[in-house]
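Have a look at the structure below before the remarks.
In this note's numbering, the protein residues as written are -5 to 188.
Given below as structure tokens:
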């Protein structure tokens, strides 16, 4: 099954410099276009071992009106050139997704000096990945319960990639996620009150 990524929230937050580093690491060559439309875009070429040639026109400014659409086109080209799914490619490129909801399982807990670290196994662009976050003491108690009883959780925050690890900053709405119904997730207070 071929999956196309169309989520403008994800696509509009891709970093052009991250994409440039990705292209260089995979053997793409930047085409020298002189003035290059006042540095608004760069063109990249790859000649595959089969002799096929691929080109990408990368907008260098995230504020460009068609930025999300162009990123979707770039993912399609990379999918063909690399023979990898767009989700696999995107997981290599994602460095920041603001205000994203993460559903997952608590797989590790660490408490030290009033710091409550939690590691979730959650899905990021369709792939299960470890996500690190810090919770307040009330949310940490709920995370401990979810960990012990193997319950799904949900929370929202800004997802970033730091040193190859995903970190959920400004977590909010940490709750148990009821996967068997459409019921509202239980908040720390309501879950611990039962």
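Backbone N, C-alpha and C define an ideal beta-carbon position, used for all residues, glycine too.
Closest to residue 165 by CA distance: which of 171, 92, 4, 108 is it? 92
Could you please give the first and the last residue of the uninterrupted alpha helix (DSSP H) stretch that includes residue 23? Element bounds for residue 23: not the alpha helix (DSSP H) but the beta strand (DSSP E), 23 to 25.
Reducing DSSP to helix, strand and coil, say where residue 66 ends up. helix
Nearest to residue 44 by alpha carbon, out of 60, 35, 87, 74? 74
Going by beta carbon distance, what residues of the same chain come within less than 8 Å of residue 61, once the five residues before and after it are set aside? Excluding residues within five positions, the ones whose Cβ falls inside 8 Å are 5, 6, 53, 55.
Just to confirm my understanding: we take residue 94, look at its own chain, exclude 5 residues before and 5 after, and list those with CB closer than 6 Å. What are they? 153
So what's residue 34 in DSSP terms, helix, strand or just coil? coil
Out of 124, 105, 160, state which residue places its alpha-carbon closest to the alpha-carbon of residue 138. A check of alpha carbon separations from residue 138 across 124, 105, 160 identifies 105 as the nearest.
Rounding to the nearest angstrom, what Cα-Cα distance links residue 144 and residue 50 in this structure? 44 Å
Out of curiosity, what's the CA-to-CA distance linking residue 209 and residue 40? For residue 209 there is no data in the structure shown, the boundaries of the chain being -5 and 188.
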